[in-house]
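Okay, so here's the structure we're looking at.
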Amino acid sequence: MLDAIIFDKDGTLFDFRLSWGAFTERLLAEVAGDAVTARHLGQVLGYDATTRQFTRTSPVISMTTPEIAAILHPHLPRIGLAQLIDRMSVLSAEAPMVPAVALREVLQSLKERGLRLGLATNDTEMPAQIHLQKAGVLDLFDYVVGCDSGFGGKPAPGQLNEFLRRF
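Sequential numbering of the sequence shown, starting at 1419, is according to our numbering.
What follows is the structure in structure tokens.
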């Protein structure tokens, strides 16, 4: 019997390219200081601002916020790593998420079937909760964790194991 479902956030509940392209452009413009550096940082992250596309191997697709910050940090000597991670989390929370489906309708139908809903993301927890709140669906989730919630990031099993333990 199925009792619960856990979702990934980006690329599942929200359209990855439309949501994170705007975030990436804003982040790079802010931390780079000039267009040449921003373009270079985009290449480092596997993002092309001209086409607004991520490469299939872009770290933004699969890595945690601290891991992405660690990739950018060597190219940004005037910004501390902790400061960069904090700024990325703030900008992430402000990123305009574009739902991939009619979220309220789909998730409400699952709740009405008695299912518990969870969210596991490589984003940090605070922005993930804000994204769900802005989409009007946070109240439907029984479990929301990010890479900073104490269970690690994906693809490691910590977030899923904790979900299984709770439900």
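Built from N, CA and C at the ideal position, the CB exists for glycine as well.
Please read these numbers as outputs of a predicted model, since none were measured by experiment.
With H, G and I counted as helix, E and B as strand and the rest as coil, what does DSSP make of residue i?
i       : result
PHE1585 : coil
ASP1504 : helix
ASP1452 : coil
VAL1478 : helix
VAL1555 : coil
LEU1528 : helix
DSSP has residue i in a bridge; who is on the other side?
i       : result
PHE1441 : Paired residue(s): none; PHE1441 is not in a bridge.
ARG1534 : ALA1422
PHE1432 : ASP1428 and PRO1517
VAL1562 : LEU1537
GLN1471 : ASP1466
Find the nearest neighbour of residue i within the set the options, judged by alpha-carbon distance.
i       : options                               : result
ASP1504 : ALA1488, PHE1434 and THR1473          : ALA1488
LYS1573 : MET1481, ALA1520, LEU1499 and ARG1444 : The displayed chain sequence assigns Pro, not Lys, to residue 1573. Among MET1481, ALA1520, LEU1499 and ARG1444, the Cα nearest to that of PRO1573 belongs to MET1481.
PHE1441 : PRO1545, ALA1538 and HIS1491          : PRO1545
GLY1564 : ALA1500, ARG1470 and ASN1540          : ASN1540
- Task: Taking 8 Å as the threshold, find out whether the stretch 1519-1527 comes into contact with the stretch 1458-1465 through three or more Cβ pairs.
- Result: No: fewer than three Cβ pairs fall under 8 Å.
- Examine the Cβ distances between the stretch 1421-1434 and the stretch 1532-1551 and report whether three or more of them are shorter than 8 Å. Contact between the stretch 1421-1434 and the stretch 1532-1551 is present: three or more C-beta pairs spanning the two stretches fall below 8 Å.
- Message: Three or more C-beta pairs under 8 Å: does that hold for the stretch 1444-1461 against the stretch 1544-1560?
- Response: Inter-segment contact for the stretch 1444-1461 and the stretch 1544-1560 is absent: fewer than three beta-carbon pairs are separated by less than 8 Å.
- Taking 8 Å as the threshold, find out whether the stretch 1511-1521 comes into contact with the stretch 1446-1457 through three or more Cβ pairs. The answer is no - the stretch 1446-1457 does not touch the stretch 1511-1521, with fewer than three Cβ pairs under 8 Å.
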